[in-house]
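> Quick one: the structure is below, and I'll ask about it shortly.
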Amino acid sequence: MNEHFFELPPPFSQYRDRDSPTFVAPPALLTAPRSYIGRIDDESHESELEIRETKAPLAAMSARHNAGMANHHRDFALSYHIHSLPVEILLIIFDFHLREVTVGKFLSIPHDARWTLTHVCRRWRELVSGFSGYWSHIDTDQPAHKWSPGHQELLKLALERSAPGPIIINISLTRMPPKYLPTIVSFQERWKGMAFTGESYNFRELGRLGLRNFPALRCLHLSLVASPPSDREMGNLDDEPGLPIWARVFKIFRLASLVKLSFASTMTSPSDIGSNNTDLRHIMQWPTIKEIMLREHGSGPFSRIFLPLCTNLRVLILHQSLYLRPSPRPTHQSCLLPNLTYLEVTNAQFQHLQCPALVQLCVGGTTASAEIVGCIRRSRCKIRHFVWKVHKFSDAKNHQLPSVLPHLTSFVVDVQSWEPSIGPIISNVLEPFCEGQAPTLHHLATFRLISTLAIHECTGQLCTTFAEFIEQHPSLLMFDICIRVPGSLPHQSSRDKMRKLLRESELMRHLREGERKRGKALLVRDFVTDEGMVNLGACLQIMTEIRTLNDMPCMLECLKTRRLHGNPTISQRYPWSLWLLGQRVLLFWIKRDYERSVKQTAKDKIKAWLVQLPTKFT
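Residue numbering for the sequence shown follows the UniProt record's numbering, beginning at 1 and increasing consecutively.
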């Protein structure tokens, strides 16, 4: 078979020199690729320009579309039934979120309104569950027989919903089962305010749980009740049986950066009285504390040991259930509190306190007036605001008192006695300030007398005292007479006497001459009936009967001096005008300007809060 072989010429042989292997290309072949690439670049640039011109109207259309969708969502959200509710209804619903809640006053778990709101519908559940501040206050103070296994899950759910914000918790160790404590302790790094109430042996549970980390704790309230436990009971709490009960509890929180401390104790153990100050110094060092409230029984051993270690105090409140008359010899060493500006004392000895920066002083109970004079002289302070709560057992008459109050600008006398013979009590307070020709209080600008209905029975006796007091103090700018009335308003003749007293006083003459509008007469009236309903019609009718005194504004206040036994009608119907003060007194302000300002402020808060509704419900 014959084979055929084909010889192919090498590529581009026509461009090669026969004598040299060098490739030789003509000029036309070299310029062709460059022109082609340039043409491609021009077409690509034109395409980019066309794409850019096309994207511009698309972006504008997209912006208009997004704006239209936002308006649609907003209009759709504004159509929710929550926006159609009046401001008063919204205040009732979201009152817990709007008001400030302090340690010791909370709503309970699980019977508060927050859980009820989560059952309205899906949107309301998302709204209520999505705000951490709405779950930041928790109370566990309810009888132990009402706690069920489901309560622990609700408590844990409320603590989780409060994240990542701070928590304020009220724990009653005498009522809440101990098995719920680990759930609360697991969130201790977010504690901002904490209130513990219980007997001394209840606090051993805290020592077992290993409380260590309190970076956010600023306010602590401890309340020890009943009698001290036995040594066997306290052995599990601490390995130092010589320490007082309150020192054992404070040792748990010694690393917290507390700012406010409240301690209440109804017991006094022998170990408290015999405690050594030196042994407790490593436990009681709290340089960050600015405010302390102490409620003790008897002679107050805790305050004698603890107060000298708190040199940075700004506010101090001392309450004792039993007052011991001071002995002729000093029983307390001098206690220096250089930064203290406010001091409130009830049935307590405080003559040993030295407070050079003290400005406000409030004294109540059976505290002797000699204690007031002794403390001010020892401190060499300039008291500018003085509140004196006196009753028939108070030692109110002290002629040395005006000499230690030369810088006083505000003076309040609160007569806490419902007996008819209160005239001598008021006279004993005011007479030392009415002696002599020269003014005793050169800078006094405000005086307020808080009394009861019985003052109208002794108006004639007090007219001379009031007139002398006003005449002796021409610097007065405001003179208030506040009368607590448990029943109906006083008789018209008594009201006329009080008005005549003010109308003819030197105070009103100065106010009329200076065209000042700061003077006011106050009448206090209880408009709350036995059924727990507020008779607004009676309030408004009384307001129309009371005429302004010499064109001075007249304010009508209503005080309720008896408790409402769990009747929620008032708080639900008038949440913007009623407050529960100490669970005993309801204060109802019936002043038109004040009512408008309160409603407007609440309305602004509601509107600011509901702005977030479209993002929550879309």
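For each residue, glycine too, the CB sits at the ideal point set by N, CA and C.
Tell me which residues share the same chain as N312 and place their Cβ nearer than 8 Å to its Cβ, disregarding the 5 neighbours each side in the sequence.
Your numbering for residue 312 matches position 312 in the sequence shown. Counting only Cβ-Cβ distances below 8 Å, and skipping sequence neighbours, we find P287, T288, I289, K290, N339.
> Count the other CB atoms, across all protein chains shown, that sit within 10 Å of the CB of G38; report buried if there are 16 or more and exposed otherwise.
To locate residue 38, count along the sequence shown from 1; it is residue 38. G38 comes out exposed.
> Near G210, which residues of its chain fall below 6 Å by C-beta distance, leaving aside the five closest residues on each side in sequence?
For this step, residue 210 is matched to residue 210 along the sequence shown. Excluding sequence neighbours, G210 sits near nothing in its chain.
> Pull up the distance between the alpha-carbon of R212 and that of F253, whole angstroms please.
Taking the first residue of the sequence shown as position 1, residue 212 is located at position 212. Taking the first residue of the sequence shown as position 1, residue 253 is located at position 253. Cα-Cα distance, rounded: 8 Å.
> Identify the residues that DSSP records as bridge partners of K260: which are they?
Here residue 260 refers to the residue found at position 260 of the sequence shown. Partner(s): C219, E291.
> Count the other CB atoms within 10 Å of the CB of R295; is the residue buried (16 or more) or exposed (fewer)?
For the purposes of this step, residue 295 is identified with residue 295 of the sequence shown, where counting begins at 1. It is buried - the Cβ of R295 has at least 16 other Cβ atoms within 10 Å.
> For the alpha helix (DSSP H) that contains C375, what are its first and last residues?
In the sequence shown, residue 375 corresponds to position 375, counting from 1. C375 -> alpha helix (DSSP H) spans 369 to 379.
> Could you please give me the residues that DSSP links to C310 through a beta bridge?
What you label residue 310 is simply residue 310 of the sequence shown in a count that begins at 1. Paired residues: none, contrary to the question.
> Verify whether the separation of the beta carbon atoms of residue 625 and L222 is less than 7 Å.
In the structure as shown, the chain begins at 1 and stops at 618. Residue 625 is therefore absent and cannot be evaluated.
> Closest by CA to Q400, which one among Q416, H407, G374?
On the sequence shown, residue 400 is found 400 positions in, with the first residue counted as 1. Of the candidates Q416, H407, G374, the one whose C-alpha sits nearest the C-alpha of Q400 is G374.
> Provide the residue(s) that pair with E296 in DSSP beta bridges, ordered along the chain.
Within the sequence shown, residue 296 is the residue found at index 296, counting from 1. Note: E296 sits in a beta bridge opposite Q320.
> Considering Cα atoms alone, identify which of Q152, G198, R175 is closest to P182.
Within the sequence shown, residue 182 is the residue found at index 182, counting from 1. The option with the nearest alpha carbon to P182 is Q152.
> Look up T569 in the DSSP assignment and say whether it is helix, strand or coil.
Mapped onto the sequence shown, residue 569 falls at position 569. Confidence at T569 is low in this model, with a pLDDT of 37, below 50, so the placement of that residue is unreliable and no value is reported for it.
> Tell me which residue opens and which closes the beta strand (DSSP E) that G364 is part of.
Here residue 364 refers to the residue found at position 364 when the sequence shown is read from its first residue. That run of the beta strand (DSSP E) goes 360 to 364.
> For V103 and L224, I'd like the C-alpha separation in whole angstroms.
Residue numbering aside, residue 103 sits at position 103 when the sequence shown is read from its first letter. Residue numbering aside, residue 224 sits at position 224 when the sequence shown is read from its first letter. Residue confidence is low: V103 scores 45 on pLDDT, short of 50, so the model does not pin down where it sits. Its coordinate-derived value is still stated next. If you take the alpha carbons of V103 and L224, they lie about 16 Å apart.
> When the Cα of G365 is compared with those of D42, L217, D395, which residue comes out closest?
As a working note, residue 365 is residue 365 in the sequence shown. Measuring from the Cα of G365, the nearest candidate turns out to be D395.
> For T197, report the span of its beta strand (DSSP E) as first-last.
Taking the sequence shown and counting its residues from 1, one reaches residue 197 at position 197. Run containing T197: 191 to 199, per the beta strand (DSSP E) assignment.
> Work out the CA separation of P149 and L127 for me, nearest whole Å.
The residue labelled residue 127 in the question sits at position 127 within the sequence shown. The residue labelled residue 149 in the question sits at position 149 within the sequence shown. Going from the Cα of L127 to the Cα of P149 covers about 27 Å.
> Which residue wins for smallest C-alpha separation from L337, given the options V363, R378, A348, L258?
On the sequence shown, position 337 is the one that residue 337 refers to. It is R378 whose Cα lies nearest to the Cα of L337.
> So what does T346 bridge to, in DSSP terms?
The sequence position of residue 346 within the sequence shown is 346, counting from 1. T346 pairs with H319, G364.
> Below 6 Å CB to CB, which residues in the same chain sit around M293 once its five sequence neighbours on both sides are set aside?
As a position in the sequence shown, residue 293 is number 293, starting the count at 1. Closer than 6 Å at Cβ, skipping near neighbours: S262, I317.
> Looking at the unbroken beta strand (DSSP E) that takes in W388, where does it start and where does it end?
Your numbering for residue 388 matches position 388 in the sequence shown. Its beta strand (DSSP E) spans residues 385 to 390.
> Thinking just about the alpha-carbon of each residue, which of S265, I40, A158 is nearest to the one in P166?
Position 166 of the sequence shown holds residue 166. The candidate whose alpha carbon is nearest that of P166 is A158.
> Would you tell me roughly how many angstroms separate the C-alpha atoms of L220 and G193, rounded to the nearest one?
The residue given as residue 220 occupies position 220 in the sequence shown. The residue given as residue 193 occupies position 193 in the sequence shown. Rounded to whole angstroms, L220 to G193 spans 6 Å at the Cα level.
> Grab the span of the alpha helix (DSSP H) containing S427 for me, first residue to last.
Position 427 of the sequence shown, counted from the start, is the residue given in the question as residue 427. It spans 423 to 430 - the alpha helix (DSSP H) in which S427 sits, taken as one unbroken run.
> With a cut-off of 8 Å on the beta carbons, I'd call F196 and L255 a contact; round off their distance for me.
Looking up residue 196 in the sequence shown gives position 196. Looking up residue 255 in the sequence shown gives position 255. With a Cβ gap of about 16 Å, F196 and L255 do not count as contacting.
> Per DSSP, what kind of secondary structure is Q351 in: helix, strand or coil?
For the purposes of this step, residue 351 is taken as the residue at position 351 of the sequence shown. Coil.
> Bridge partners for L224 per DSSP, in chain order?
Residue mapping note: residue 224 aligns to position 224 of the sequence shown, counting from 1. The partner list for L224 (beta bridge, DSSP) reads G198, S265.
> On the three-state DSSP scale, how would you describe L58?
Against the sequence shown, residue 58 aligns to sequence position 58. Helix at L58.
> Kindly indicate which three-state DSSP category L336 falls into: helix, strand or coil?
Within the sequence shown, the letter at position 336 stands for residue 336. Of the three classes helix, strand and coil, the one that applies to L336 here is strand, per DSSP.
> Using the three-state DSSP reduction, which class does P402 fall into: helix, strand or coil?
In the sequence shown, the residue the question calls residue 402 occupies position 402. Three-state DSSP puts P402 in a helix.
> Using the Cα positions of S275 and K156, report the straight-line distance between them to the nearest angstrom.
Taking the first residue of the sequence shown as position 1, residue 275 is located at position 275. Taking the first residue of the sequence shown as position 1, residue 156 is located at position 156. With a pLDDT of 47 at S275, under the threshold of 50, the predicted position of this residue should be treated as unreliable, though the coordinate-derived value follows. About 40 Å.
> Counting C-beta neighbours from all protein chains within 10 Å, is the total for N170 16 or more, i.e. buried, or is it exposed?
The sequence position of residue 170 within the sequence shown is 170, counting from 1. Buried is the call here.
> Please name the residue, chosen from E344, S321, T341, F350, that lies closest to C335 on a Cα-to-Cα basis.
Counting from 1 along the sequence shown, the entry for residue 335 is found at position 335. Comparing Cα positions, the closest option is F350.
> Assuming the contact rule is C-beta atoms closer than 8 Å, R218 and V185 should be a hit. Round their C-beta distance to whole Å, please.
Here residue 218 corresponds to residue number 218 of the sequence shown, with the count starting at 1. Here residue 185 corresponds to residue number 185 of the sequence shown, with the count starting at 1. Between V185 and R218 the Cβ distance is about 18 Å, and since that is not below 8 Å, they are no contact.
> For the ligand COA, is there any heavy atom lying closer than 6 Å to the beta carbon of A59?
By its list of ligands, the structure shown contains no ligand whatsoever, and the ligand COA lies outside what it can speak to.
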